[in-house]
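These notes concern the structure reproduced below.
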Amino acid sequence: MSKAVEAVVSGKKPELSGLQLYSRFAFAGAVCCGVTHGALTPVDVLRTCGTRLDIKPVRRALGALDPVTYNRGLVGGFKQVIQNEGAGALLTGFGPTCAGYFLQGAFKFGGYELFKQQSINILGYETASQNRTAVYLASSALAEFFADIALCPLEATRIRLVSQPDFASGLLSGFGKILKSEGVGAFYSGFGPILFKQVPYTMAKFVVYEKVAETVYSHWDKKSMSDGAQTAVNLGSGLIAGFAAAIVSQPADTMLSKINKTKGLPGEGTTSRLIKIAKELGFRGSYTGIGARLFMVGTLTAGQFAIYGDIKKALGAVGGVEIRFGLDLEVLLNRH
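Right, dumping it as C-alpha coordinates:
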(Lines of atoms letter the chains of each structure in order from A and count residues from 1; the text may use other names and numbers.)
(Lines give C-alpha, C1' and ligand atoms only; values in the text may rest on other atoms or scores of the structure.)
Protein backbone atom coordinates (compact mmCIF):
# COMPACT_ATOMS: atom_id res chain seq x y z
CA MET A 1 0.00 0.00 0.00
CA SER A 2 1.41 3.41 -0.98
CA LYS A 3 1.96 6.19 1.56
CA ALA A 4 -0.77 8.25 -0.09
CA VAL A 5 -3.30 5.38 0.22
CA GLU A 6 -2.23 4.69 3.80
CA ALA A 7 -2.74 8.37 4.60
CA VAL A 8 -6.26 8.34 3.18
CA VAL A 9 -7.16 5.18 5.10
CA SER A 10 -5.74 6.57 8.34
CA GLY A 11 -7.30 9.99 7.81
CA LYS A 12 -3.94 11.75 7.79
CA LYS A 13 -2.60 14.06 5.12
CA PRO A 14 -0.10 12.30 2.83
CA GLU A 15 3.51 13.27 3.43
CA LEU A 16 5.17 15.25 0.69
CA SER A 17 8.36 14.04 -0.92
CA GLY A 18 10.57 14.62 -3.94
CA LEU A 19 9.84 17.61 -6.15
CA GLN A 20 6.59 18.40 -4.33
CA LEU A 21 8.45 18.77 -1.06
CA TYR A 22 11.62 20.54 -2.15
CA SER A 23 9.83 22.96 -4.45
CA ARG A 24 7.90 24.13 -1.39
CA PHE A 25 11.10 24.54 0.56
CA ALA A 26 12.53 26.55 -2.34
CA PHE A 27 9.44 28.77 -2.62
CA ALA A 28 9.36 29.44 1.13
CA GLY A 29 13.06 30.33 1.03
CA ALA A 30 12.58 32.55 -1.99
CA VAL A 31 9.78 34.53 -0.32
CA CYS A 32 11.50 34.91 3.04
CA CYS A 33 14.72 36.21 1.46
CA GLY A 34 13.05 38.37 -1.19
CA VAL A 35 10.73 40.04 1.31
CA THR A 36 13.31 40.72 4.02
CA HIS A 37 16.03 42.00 1.71
CA GLY A 38 13.55 44.04 -0.31
CA ALA A 39 12.33 45.72 2.87
CA LEU A 40 15.89 46.84 3.62
CA THR A 41 16.42 48.50 0.22
CA PRO A 42 16.39 52.07 1.68
CA VAL A 43 19.09 51.11 4.18
CA ASP A 44 21.17 49.55 1.41
CA VAL A 45 20.83 52.75 -0.60
CA LEU A 46 22.47 54.68 2.23
CA ARG A 47 25.01 51.95 2.90
CA THR A 48 26.12 51.31 -0.67
CA CYS A 49 25.81 54.50 -2.63
CA GLY A 50 28.86 56.73 -2.77
CA THR A 51 26.99 60.05 -3.01
CA ARG A 52 24.86 59.14 -0.03
CA LEU A 53 27.53 57.69 2.23
CA ASP A 54 28.85 60.65 4.17
CA ILE A 55 26.29 59.87 6.85
CA LYS A 56 28.99 59.24 9.40
CA PRO A 57 26.90 57.35 11.96
CA VAL A 58 25.55 55.20 9.15
CA ARG A 59 29.03 54.69 7.74
CA ARG A 60 30.25 53.56 11.14
CA ALA A 61 27.13 51.51 11.73
CA LEU A 62 26.70 49.78 8.41
CA GLY A 63 30.15 49.66 6.87
CA ALA A 64 29.72 52.51 4.42
CA LEU A 65 32.83 53.21 2.37
CA ASP A 66 32.97 56.65 0.74
CA PRO A 67 32.20 59.89 2.61
CA VAL A 68 31.00 62.68 0.35
CA THR A 69 28.18 64.96 1.40
CA TYR A 70 25.68 63.82 4.01
CA ASN A 71 26.39 63.90 7.74
CA ARG A 72 23.07 64.10 9.57
CA GLY A 73 22.70 60.53 10.83
CA LEU A 74 20.40 57.78 9.66
CA VAL A 75 17.09 59.66 9.85
CA GLY A 76 18.71 62.83 8.55
CA GLY A 77 20.23 60.87 5.71
CA PHE A 78 16.82 59.59 4.64
CA LYS A 79 15.44 63.13 4.80
CA GLN A 80 18.29 64.50 2.69
CA VAL A 81 17.91 61.85 0.02
CA ILE A 82 14.17 62.51 -0.16
CA GLN A 83 14.70 66.26 -0.27
CA ASN A 84 17.41 66.16 -2.94
CA GLU A 85 16.30 63.23 -5.09
CA GLY A 86 12.75 62.36 -4.10
CA ALA A 87 11.34 59.49 -2.05
CA GLY A 88 11.74 57.13 -4.99
CA ALA A 89 15.51 57.32 -4.64
CA LEU A 90 15.29 55.25 -1.47
CA LEU A 91 13.97 52.36 -3.55
CA THR A 92 16.79 52.46 -6.07
CA GLY A 93 17.80 48.87 -6.72
CA PHE A 94 14.57 47.44 -5.31
CA GLY A 95 13.94 45.34 -8.43
CA PRO A 96 17.30 43.55 -8.55
CA THR A 97 17.32 43.22 -4.77
CA CYS A 98 13.99 41.37 -4.69
CA ALA A 99 14.73 39.33 -7.82
CA GLY A 100 18.27 38.45 -6.76
CA TYR A 101 17.42 37.41 -3.24
CA PHE A 102 14.25 35.62 -4.37
CA LEU A 103 16.46 33.38 -6.51
CA GLN A 104 19.14 33.12 -3.88
CA GLY A 105 16.63 32.19 -1.19
CA ALA A 106 15.18 29.42 -3.33
CA PHE A 107 18.58 27.84 -3.88
CA LYS A 108 19.78 28.51 -0.33
CA PHE A 109 16.88 27.12 1.69
CA GLY A 110 15.74 24.51 -0.81
CA GLY A 111 19.31 23.40 -1.42
CA TYR A 112 20.07 23.22 2.29
CA GLU A 113 17.18 20.85 2.90
CA LEU A 114 18.10 18.79 -0.16
CA PHE A 115 21.78 18.46 0.73
CA LYS A 116 20.93 17.53 4.31
CA GLN A 117 18.79 14.67 3.03
CA GLN A 118 21.49 13.60 0.59
CA SER A 119 24.01 13.57 3.45
CA ILE A 120 21.69 11.29 5.42
CA ASN A 121 21.28 9.02 2.40
CA ILE A 122 25.05 8.76 1.95
CA LEU A 123 26.14 8.55 5.59
CA GLY A 124 23.17 6.76 7.10
CA TYR A 125 20.93 8.06 9.86
CA GLU A 126 23.15 7.24 12.82
CA THR A 127 26.36 8.62 11.33
CA ALA A 128 24.57 11.76 10.12
CA SER A 129 23.09 12.30 13.59
CA GLN A 130 26.42 11.85 15.34
CA ASN A 131 28.05 14.28 12.90
CA ARG A 132 25.12 16.59 12.36
CA THR A 133 27.14 19.79 12.81
CA ALA A 134 29.35 18.74 9.89
CA VAL A 135 26.22 17.89 7.89
CA TYR A 136 24.79 21.36 8.59
CA LEU A 137 28.04 23.06 7.58
CA ALA A 138 28.55 21.07 4.38
CA SER A 139 24.90 21.32 3.29
CA SER A 140 24.73 25.07 3.84
CA ALA A 141 28.04 25.68 2.06
CA LEU A 142 26.97 23.71 -1.02
CA ALA A 143 23.55 25.37 -1.09
CA GLU A 144 25.07 28.84 -0.85
CA PHE A 145 27.56 28.17 -3.62
CA PHE A 146 24.78 27.49 -6.12
CA ALA A 147 22.65 30.29 -4.68
CA ASP A 148 25.46 32.79 -5.29
CA ILE A 149 25.74 31.80 -8.94
CA ALA A 150 22.13 32.96 -9.31
CA LEU A 151 22.53 36.02 -7.09
CA CYS A 152 25.78 37.54 -8.35
CA PRO A 153 24.60 39.18 -11.63
CA LEU A 154 21.61 40.80 -9.96
CA GLU A 155 23.62 41.93 -6.94
CA ALA A 156 26.22 43.53 -9.23
CA THR A 157 23.40 45.32 -11.07
CA ARG A 158 21.84 46.49 -7.81
CA ILE A 159 25.07 47.94 -6.48
CA ARG A 160 25.79 49.71 -9.76
CA LEU A 161 22.30 51.24 -9.81
CA VAL A 162 22.58 52.44 -6.23
CA SER A 163 26.14 53.72 -6.41
CA GLN A 164 25.61 55.41 -9.80
CA PRO A 165 22.04 56.78 -9.85
CA ASP A 166 22.34 57.92 -13.48
CA PHE A 167 23.65 54.58 -14.71
CA ALA A 168 20.25 53.15 -15.76
CA SER A 169 16.55 53.45 -15.04
CA GLY A 170 15.99 50.00 -13.57
CA LEU A 171 16.82 46.31 -13.41
CA LEU A 172 16.40 45.38 -17.05
CA SER A 173 18.09 48.44 -18.49
CA GLY A 174 20.92 48.25 -15.96
CA PHE A 175 21.44 44.55 -16.55
CA GLY A 176 21.45 45.04 -20.30
CA LYS A 177 23.84 47.99 -20.15
CA ILE A 178 26.40 46.08 -18.08
CA LEU A 179 26.10 43.06 -20.35
CA LYS A 180 26.54 45.12 -23.52
CA SER A 181 29.33 47.41 -22.37
CA GLU A 182 31.32 45.19 -20.03
CA GLY A 183 30.37 41.61 -20.86
CA VAL A 184 29.24 38.67 -18.76
CA GLY A 185 32.43 38.76 -16.72
CA ALA A 186 31.41 42.07 -15.15
CA PHE A 187 28.50 40.34 -13.41
CA TYR A 188 30.90 37.97 -11.70
CA SER A 189 33.68 40.38 -10.80
CA GLY A 190 32.38 40.19 -7.26
CA PHE A 191 31.78 36.43 -7.26
CA GLY A 192 34.90 35.76 -5.19
CA PRO A 193 33.99 38.18 -2.40
CA ILE A 194 30.35 37.07 -2.57
CA LEU A 195 31.49 33.50 -1.89
CA PHE A 196 33.92 34.75 0.73
CA LYS A 197 31.09 36.61 2.40
CA GLN A 198 28.05 34.44 1.80
CA VAL A 199 29.40 30.92 2.30
CA PRO A 200 30.77 31.50 5.83
CA TYR A 201 27.72 33.71 6.52
CA THR A 202 25.31 30.94 5.55
CA MET A 203 27.29 28.23 7.32
CA ALA A 204 27.21 30.24 10.55
CA LYS A 205 23.58 31.17 10.00
CA PHE A 206 22.25 27.64 9.59
CA VAL A 207 24.45 25.79 12.07
CA VAL A 208 23.80 28.33 14.86
CA TYR A 209 20.08 28.34 14.07
CA GLU A 210 19.96 24.54 14.20
CA LYS A 211 21.92 24.40 17.46
CA VAL A 212 19.83 27.04 19.21
CA ALA A 213 16.55 25.47 18.06
CA GLU A 214 17.84 22.04 19.07
CA THR A 215 18.63 23.35 22.54
CA VAL A 216 15.17 24.87 22.91
CA TYR A 217 13.39 21.73 21.74
CA SER A 218 15.47 19.58 24.07
CA HIS A 219 13.68 21.34 26.94
CA TRP A 220 10.23 21.83 25.40
CA ASP A 221 8.35 19.36 23.24
CA LYS A 222 7.86 20.89 19.82
CA LYS A 223 4.73 18.84 19.16
CA SER A 224 2.98 20.38 22.14
CA MET A 225 3.94 23.97 21.29
CA SER A 226 1.49 26.29 19.57
CA ASP A 227 2.21 27.71 16.12
CA GLY A 228 2.90 31.08 17.71
CA ALA A 229 5.40 29.58 20.12
CA GLN A 230 7.19 27.79 17.28
CA THR A 231 7.36 31.05 15.33
CA ALA A 232 8.85 32.70 18.42
CA VAL A 233 11.50 29.97 18.58
CA ASN A 234 12.29 30.57 14.91
CA LEU A 235 12.60 34.30 15.57
CA GLY A 236 14.85 33.89 18.58
CA SER A 237 17.03 31.24 16.98
CA GLY A 238 17.27 33.30 13.81
CA LEU A 239 18.25 36.42 15.76
CA ILE A 240 21.18 34.66 17.43
CA ALA A 241 22.14 33.03 14.13
CA GLY A 242 22.11 36.44 12.47
CA PHE A 243 24.51 37.83 15.06
CA ALA A 244 26.97 35.03 14.36
CA ALA A 245 26.60 35.41 10.60
CA ALA A 246 27.18 39.17 10.75
CA ILE A 247 30.45 38.80 12.62
CA VAL A 248 31.73 36.18 10.18
CA SER A 249 30.73 38.03 7.01
CA GLN A 250 31.44 41.68 7.84
CA PRO A 251 34.88 42.04 6.14
CA ALA A 252 33.78 40.43 2.89
CA ASP A 253 30.54 42.44 2.85
CA THR A 254 32.54 45.65 2.94
CA MET A 255 34.84 44.43 0.17
CA LEU A 256 31.90 43.33 -1.98
CA SER A 257 30.31 46.77 -1.89
CA LYS A 258 33.63 48.37 -2.72
CA ILE A 259 34.54 46.11 -5.67
CA ASN A 260 31.12 46.39 -7.32
CA LYS A 261 30.91 50.17 -7.11
CA THR A 262 33.24 50.83 -10.04
CA LYS A 263 35.11 49.03 -12.80
CA GLY A 264 38.67 47.95 -12.14
CA LEU A 265 41.66 49.53 -13.85
CA PRO A 266 42.62 48.15 -17.28
CA GLY A 267 44.29 44.79 -16.82
CA GLU A 268 43.56 44.68 -13.10
CA GLY A 269 42.32 41.30 -11.96
CA THR A 270 39.76 40.57 -9.24
CA THR A 271 42.36 39.11 -6.89
CA SER A 272 44.63 42.14 -7.12
CA ARG A 273 41.66 44.43 -6.60
CA LEU A 274 40.63 42.51 -3.48
CA ILE A 275 44.15 42.66 -2.08
CA LYS A 276 44.29 46.40 -2.70
CA ILE A 277 40.90 46.98 -1.08
CA ALA A 278 41.85 44.87 1.93
CA LYS A 279 45.02 46.91 2.43
CA GLU A 280 43.10 50.15 2.15
CA LEU A 281 40.50 49.08 4.69
CA GLY A 282 42.64 47.26 7.23
CA PHE A 283 41.19 45.06 9.96
CA ARG A 284 39.54 47.92 11.83
CA GLY A 285 38.08 49.37 8.64
CA SER A 286 36.60 46.05 7.61
CA TYR A 287 34.76 45.82 10.95
CA THR A 288 33.61 49.42 11.09
CA GLY A 289 30.05 49.59 12.36
CA ILE A 290 29.73 45.96 13.42
CA GLY A 291 27.35 46.92 16.24
CA ALA A 292 24.56 48.21 14.03
CA ARG A 293 25.22 45.51 11.44
CA LEU A 294 24.63 42.94 14.18
CA PHE A 295 21.25 44.56 14.72
CA MET A 296 20.45 44.74 11.01
CA VAL A 297 21.53 41.21 10.08
CA GLY A 298 20.12 39.77 13.29
CA THR A 299 16.64 41.11 12.64
CA LEU A 300 16.89 40.20 8.94
CA THR A 301 17.78 36.60 9.73
CA ALA A 302 15.17 36.31 12.46
CA GLY A 303 12.54 37.48 9.99
CA GLN A 304 13.72 35.01 7.37
CA PHE A 305 13.45 31.96 9.62
CA ALA A 306 10.08 33.06 10.98
CA ILE A 307 8.64 33.60 7.50
CA TYR A 308 10.26 30.43 6.19
CA GLY A 309 8.75 28.32 8.95
CA ASP A 310 5.28 29.83 8.59
CA ILE A 311 5.18 29.45 4.80
CA LYS A 312 6.30 25.82 5.06
CA LYS A 313 3.42 25.14 7.43
CA ALA A 314 0.97 26.89 5.12
CA LEU A 315 2.19 24.77 2.20
CA GLY A 316 2.15 21.53 4.17
CA ALA A 317 5.93 21.14 3.99
CA VAL A 318 6.41 21.04 7.74
CA GLY A 319 9.78 20.54 9.26
CA GLY A 320 12.03 19.48 6.49
CA VAL A 321 14.88 17.20 7.43
CA GLU A 322 15.64 17.16 11.15
CA ILE A 323 18.46 15.24 12.78
CA ARG A 324 18.09 14.79 16.50
CA PHE A 325 20.20 12.86 18.96
CA GLY A 326 18.81 12.04 22.37
CA LEU A 327 18.07 9.06 24.57
CA ASP A 328 16.89 7.25 21.47
CA LEU A 329 18.54 8.05 18.14
CA GLU A 330 15.91 9.58 15.90
CA VAL A 331 16.00 11.10 12.50
CA LEU A 332 12.76 12.81 11.63
CA LEU A 333 11.88 13.49 8.01
CA ASN A 334 8.82 15.77 7.86
CA ARG A 335 7.37 14.23 11.04
CA HIS A 336 7.03 16.41 14.08
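If you count by UniProt numbering, then the sequence shown holds residues 1 to 336, one letter each, in order.
Heads up, the beta-carbon is just placed ideally off N, CA and C, and yes, glycines get one too.
All values derive from a computational prediction rather than experimental measurement.
Per-residue burial, His37 [other beta carbons within 10 Å of its own, 16 or more giving buried]: Walking along the sequence shown from the start, residue 37 turns up at place 37. Buried: at least 16 other Cβ atoms inside 10 Å.
Can you tell which of Gly309, Ser218, Ala246 has its C-alpha closest to the C-alpha of Phe295? The count along the sequence shown starts at 1 and reaches residue 295 at position 295. Comparing Cα positions, the closest option is Ala246.
What residue does the alpha helix (DSSP H) around Tyr136 start on, and which one ends it? Against the sequence shown, residue 136 aligns to sequence position 136. Per DSSP, Tyr136 belongs to the alpha helix (DSSP H) from 132-163.
May I ask you to verify whether the segment 200-216 touches the segment 132-143, counting CB pairs closer than 8 angstroms and requiring at least 3? yes
Using alpha carbons as the reference points, say which of Asp310, Val318, Asp148, Tyr112 lies closest to Gly228. As a position in the sequence shown, residue 228 is number 228, starting the count at 1. For Gly228, the nearest C-alpha among the options comes from Asp310.
Euclidean distance between Cα positions of Lys16 and Arg273: One-based indexing of the sequence shown puts residue 16 at position 16. One-based indexing of the sequence shown puts residue 273 at position 273. Looking at the sequence itself, residue 16 is Leu, so the reference to Lys does not match. The alpha-carbon atoms of Leu16 and Arg273 are separated by roughly 47 angstroms.
On a Cα-Cα basis, can you pick out the residue from Arg132, Thr127, Gly174, Leu103 that is closest to Ala30? Here residue 30 refers to the residue found at position 30 when the sequence shown is read from its first residue. When each option's Cα is compared against that of Ala30, the closest is Leu103.
If I'm right that Val297 touches Gly242 with Cβ under 8 angstroms, what's the distance once you round it to whole angstroms? Here residue 297 refers to the residue found at position 297 when the sequence shown is read from its first residue. Here residue 242 refers to the residue found at position 242 when the sequence shown is read from its first residue. Confirmed, about 5 angstroms.
Sort Ala278, Val43, Tyr125, Arg160 by Cα distance to Pro96 and report the nearest one. For the purposes of this step, residue 96 is taken as the residue at position 96 of the sequence shown. The shortest Cα separation from Pro96 among Ala278, Val43, Tyr125, Arg160 belongs to Arg160.
Taking 8 angstroms as the cut-off, does the segment 179-188 touch the segment 100-114 (at least 3 CB pairs, one atom from each stretch)? no
Just tell me which of Leu171, Lys258, Arg132 has its CA closest to the CA of Gly100. Position 100 of the sequence shown holds residue 100. Among Leu171, Lys258, Arg132, the Cα nearest to that of Gly100 is on Leu171.
To the nearest angstrom, how far is the alpha carbon of Ala317 from that of Tyr22? Within the sequence shown, numbered from 1, the residue matching residue 317 stands at position 317. Within the sequence shown, numbered from 1, the residue matching residue 22 stands at position 22. Rounded to the nearest angstrom, the two C-alpha atoms are 8 angstroms apart.
Here's the rule I'm using: 16 or more other beta-carbon atoms within 10 Å means buried, otherwise exposed. How should Ser237 be labelled? Locating residue 237 in the sequence shown gives position 237, counting from the first residue. Answer is buried; the Cβ neighbour count reaches 16.
Residues in the same chain with beta-carbon distance under 8 angstroms from Thr231, minus the five sequence neighbours each way, listed in chain order, please. In the sequence shown, the residue the question calls residue 231 occupies position 231. Taken in chain order, the residues that qualify are Ala306, Gly309, Asp310.
Contacting residues, own chain, Cβ-Cβ under 8 angstroms from Met255 (five flanking each side not counted): Position 255 of the sequence shown, counting from 1, holds the residue named residue 255. So the list reads Pro193, Phe196, Lys197, Leu274, Ile277, Ala278, Leu281, Ser286, once near-sequence residues are dropped.
Under 6 angstroms Cβ to Cβ from Cys98, same chain only, skipping five residues before and after it: list those, please. Working through the sequence shown from its first residue, we reach residue 98 at position 98. The residues are Gly34, Gly38.
Measuring only the C-alpha atoms, how far is Leu151 from Ala252? Residue mapping note: residue 151 aligns to position 151 of the sequence shown, counting from 1. Residue mapping note: residue 252 aligns to position 252 of the sequence shown, counting from 1. Rounded to the nearest angstrom, the two C-alpha atoms are 16 angstroms apart.
For Tyr188, which option in Phe27, Gly18, Val233, Ile149 has the closest C-alpha, if you only look at C-alpha atoms? Here residue 188 is taken as the residue at index 188 of the sequence shown, counted from 1. Checked all of Phe27, Gly18, Val233, Ile149; the closest Cα to Tyr188 is Ile149.
What residue ranges within the segment 179-211 form continuous beta strand (DSSP E) runs of no fewer than 3 residues, ordered along the chain? none
Rounded to a whole number of angstroms, what is the C-alpha to C-alpha distance between Arg147 and Phe109? For the purposes of this step, residue 147 is taken as residue 147 along the sequence shown, with counting starting at 1. For the purposes of this step, residue 109 is taken as residue 109 along the sequence shown, with counting starting at 1. The displayed chain sequence assigns Ala, not Arg, to residue 147. Taking the straight line from one Cα to the other gives about 9 angstroms.
From Asn131, Ala186, Gln20, Leu300, residue whose alpha carbon lies closest to that of Thr157: Locating residue 157 in the sequence shown gives position 157, where the first residue counts as 1. The shortest C-alpha separation from Thr157 is found at Ala186.
Classification of Pro153 by the beta-carbon crowding that lies within 10 angstroms, buried from 16 upward: Residue mapping note: residue 153 aligns to position 153 of the sequence shown, counting from 1. With 16 or more other Cβ atoms within 10 Å, it is buried.
Sequence-distant residues of its chain with Cβ nearer than 7 angstroms to Leu210 (five each side left out): Sequence index remark: in the sequence shown, residue 210 carries index 210 (1-based). Just to set this straight, residue 210 is Glu in the shown sequence, not Leu. If we look at Glu210 and ignore the five residues flanking it on each side, its Cβ neighbours are Tyr136.
When you compare only the Cα positions, how much space is there between Leu239 and Lys222? Locating residue 239 in the sequence shown gives position 239, where the first residue counts as 1. Locating residue 222 in the sequence shown gives position 222, where the first residue counts as 1. Each residue's alpha carbon lies about 19 angstroms from the other.
Under 8 angstroms Cβ to Cβ from Ser119, same chain only, skipping five residues before and after it: list those, please. As a position in the sequence shown, residue 119 is number 119, starting the count at 1. Ala128, Val135, Ala138, Ser139, listed in sequence order.
Looking only at its own chain, which residues have a Cβ that is under 8 angstroms from the Cβ of Val212, when we skip the five neighbours before and after it? Along the sequence shown, one-based indexing puts residue 212 at 212. If we look at Val212 and ignore the five residues flanking it on each side, its Cβ neighbours are Gly236, Ser237, Ile240, Ala241.
Answer with buried or exposed for Leu300, where buried requires no fewer than 16 other C-beta atoms within 10 angstroms of its C-beta. Position 300 of the sequence shown, counted from the start, is the residue given in the question as residue 300. With 16 or more other Cβ atoms within 10 Å, it is buried.
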